[in-house]
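Working notes, beginning with the structure itself.
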Amino acid sequence: MDIIKLRKDKFADFLASMGDYKLFAPQKVGESLRFAPVTDAGKVELAMANTTVPPKSIFFPQTETLYRYALGNTETHPPAEGEKGVIFGVRPCDARAQVIVDKLFSWDVDDPYYLDRREKTVVVGLACNKPCVNCFCLSVGGDPASTEGLDMLMTELDDAYLLQPLTEKGEKLSQAMAAVTEAAETGDLHKAEELHQQAREMIGRKVETDGIPQKLPGLWEDELWQDTAASCLGCGICTFLCPTCHCFDIQDEVEGYDGRRCRMWDSCMFKEYTLHASGHNPRPTRRERTRNRISHKYSYFVQKFDVIACVGCGRCINFCPVNIDIVEVLRQVKEAR
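Numbering-wise, this note's numbering puts 1372 at position 242 of the sequence shown, and it's gapless, one number per residue.
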C-alpha cells in the first residue's frame, strides 16, 4: 500500500472528499474536546494531545436505543442500520483500546449494535508527536505511533500529514482522496520515523506491569485499597473517560403507550452498580469498588482475554478531581508484600 502525503493547505478539500462517509473528528463541544460530526473544517482540533472523551462514544454511545415497542403490538422496532463513517484523528492508544473492547463485544454473544458500527467505520489515527505528561502507553504494550486497530496512520510533518494505509478500508479511503494527496518522498518517511522515536523518548511515566495480573489476587485484603479509596469521591470520571471501560445498564423508558429499551454507560465505581434487589451489596464501600476497578483491568480481563484492559492514555489521572494516580497505585501493587 502506497504511503501518501496531504498538504495542510488542502485539509479542507480532504474533508470534502469524504463523499459518502460520515466524518467524525476532534472538536470543542462545550468545555470538552470530543469526537463529533464535522460540519466545518475550521472547527477540527488536531493540535491537542488527546480528546477529553475517547472515540468509544461513537461505537458504544453513552445512551442508545436498542429497540422501540408499543402497547398491544408484539413487534419491536430496532434502529435503522448505521451509515459508513470515518473517525479522523484517533490517537493510537484509543485505537488500541477499541481492539481490546472488541474482545468483550464479540465474546460469548456478538453485539450487533457495536459490531455493525465497527464494520462500517474507517479509523484514521494520528501519531502522537508530543505525548501528554501522564501518558504511559509504553508500559502497557502501546506506542505513540502504534498501528493496532487503525485503518490508516497519519503523522504530522511541518507543512503536511503523512498518510499510511494499513487495511483494505484504509486503502479504499486513500483512493477516495487521491485528488488532494500526492506520493510521499523518502525524506518524509525518515522524518516521520524520527518524530515517532522522539515521541517515545518523551514519555517519562513508566511502570513495570509484568507480574501484576498474577499478584493482584493475593492482595485482596491489602491496606493499599483503603489508602487509595480514602480520597475517592466515587464520581465515576475515571471509568466514563476510560477508552476501555465498557460497563452498561439496560432500562425500559415508557411514555404513554410507547416505550423503548435502551442501554447507557454505567460505572463499577457507583454504589448502585452492584446493589442487589434484596438490599445486599457485595461492594458496599469505595474500598471494594477501587479494588475491583484495578483488579478488573489488570487481572480479571487478562485472565479472560490475555491482555491488560488499559492503554496508558492518562485520562483517569488528568481528570480525577482528587488526583488519584493509577501509575502510583500500580507501583504500590508491585511493592506490596
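The C-beta atom is built at its ideal place from N, Cα and C for all residues, glycine as well.
Minimum C-alpha distance to residue i - residue among the options
| i | options | result |
| --- | --- | --- |
| residue 1422 | 1346, 1161, 1434, 1170 | 1346 |
| residue 1226 | 1201, 1322, 1175, 1281 | 1281 |
| residue 1452 | 1303, 1366, 1135, 1296 | 1366 |
| residue 1166 | 1202, 1147, 1458, 1217 | 1217 |
| residue 1177 | 1154, 1146, 1259, 1235 | 1259 |
| residue 1335 | 1349, 1460, 1188 | 1460 |
| residue 1215 | 1234, 1235, 1189 | 1189 |
| residue 1287 | 1320, 1448, 1277, 1150 | 1320 |
| residue 1291 | 1438, 1302, 1141, 1383 | 1141 |
| residue 1157 | 1219, 1207, 1205, 1198 | 1219 |
| residue 1339 | 1457, 1150, 1200, 1144 | 1457 |
| residue 1073 | 1463, 1393, 1467, 1361 | The structure shown does not extend to residue 1073, since the chain spans only 1131 to 1467, so no value can be given for it. |
| residue 1283 | 1267, 1424, 1390, 1224 | 1224 |
| residue 1132 | 1420, 1299, 1293, 1277 | 1293 |
| residue 1343 | 1357, 1352, 1438 | 1438 |
| residue 1206 | 1429, 1420, 1382 | 1382 |
| residue 1463 | 1433, 1443, 1192, 1424 | 1424 |
| residue 1303 | 1203, 1255, 1316, 1318 | 1255 |
| residue 1431 | 1249, 1377, 1402 | 1377 |
| residue 1330 | 1262, 1210, 1143, 1194 | 1262 |
| residue 1428 | 1228, 1440, 1243 | 1440 |
| residue 1400 | 1309, 1387, 1368 | 1368 |
| residue 1358 | 1278, 1415, 1181 | 1415 |
| residue 1155 | 1252, 1317, 1353 | 1252 |
| residue 1333 | 1179, 1170, 1144, 1151 | 1179 |
| residue 1243 | 1229, 1375, 1191 | 1191 |
| residue 1212 | 1385, 1278, 1151 | 1151 |
| residue 1388 | 1144, 1201, 1134, 1279 | 1201 |
| residue 1278 | 1315, 1246, 1229, 1248 | 1229 |
| residue 1208 | 1402, 1308, 1390, 1374 | 1390 |
| residue 1164 | 1248, 1296, 1181 | 1181 |
| residue 1145 | 1134, 1162, 1170 | 1170 |
Burial state of residue i (16 or more Cβ within 10 Å)
| i | result |
| --- | --- |
| residue 1275 | buried |
| residue 1454 | buried |
| residue 1380 | exposed |
| residue 1355 | buried |
| residue 1445 | buried |
| residue 1239 | exposed |
| residue 1264 | buried |
| residue 1350 | exposed |
| residue 1186 | buried |
| residue 1328 | exposed |
| residue 1299 | buried |
| residue 1149 | exposed |
| residue 1237 | exposed |
| residue 1203 | exposed |
| residue 1231 | buried |
| residue 1360 | exposed |
| residue 1466 | exposed |
| residue 1420 | buried |
| residue 1374 | buried |
Beta-bridge pairing of residue i - partner residues as DSSP gives them
| i | result |
| --- | --- |
| residue 1207 | 1198 |
| residue 1134 | 1293, 1313 |
| residue 1216 | 1153, 1252 |
| residue 1190 | Residue 1190 pairs with nothing; no bridge assigned. |
| residue 1381 | 1392 |
| residue 1167 | 1154 |
| residue 1245 | The partner list for residue 1245 (beta bridge, DSSP) is empty, contrary to what the question assumes. |
| residue 1284 | 1256, 1293 |
| residue 1147 | Answer is none; residue 1147 lacks a bridge partner. |
| residue 1484 | Residue 1484 lies beyond the range of the chain shown here (1131 to 1467); nothing can be said about it. |
| residue 1162 | 1159 |
The ligand NAD heavy atom lying under 8 Å from the CB of residue i
| i | result |
| --- | --- |
| residue 1206 | As far as ligands go, the structure on display features none, and thus does not contain the ligand NAD. |
Integer Cβ distance of residue i from residue j, believed to fall under 8 Å
| i | j | result |
| --- | --- | --- |
| residue 1272 | residue 1222 | 7 Å |
| residue 1407 | residue 1326 | Wrong, their Cβ atoms sit about 52 Å apart, outside the cutoff. |
| residue 1311 | residue 1136 | 5 Å |
| residue 1174 | residue 1168 | 6 Å |
| residue 1269 | residue 1337 | 5 Å |
| residue 1371 | residue 1449 | 6 Å |
| residue 1147 | residue 1313 | About 17 Å separates the two Cβ atoms, so there is no contact after all. |
| residue 1434 | residue 1289 | Residue 1434 to residue 1289, Cβ: 46 Å. No contact. |
| residue 1413 | residue 1404 | 5 Å |
| residue 1442 | residue 1266 | 4 Å |
| residue 1322 | residue 1285 | 4 Å |
Fill in: Ordered list of alpha helix (DSSP H) runs contained in the region 1289-1373, each at least 4 residues
1298-1306, 1316-1332, 1342-1345, 1354-1359, 1367-1370
Practice prompt. Counting only runs of 4+ residues fully inside the region 1389-1444, write out the alpha helix (DSSP H) ranges in chain order.
Written response: 1416-1425, 1431-1435
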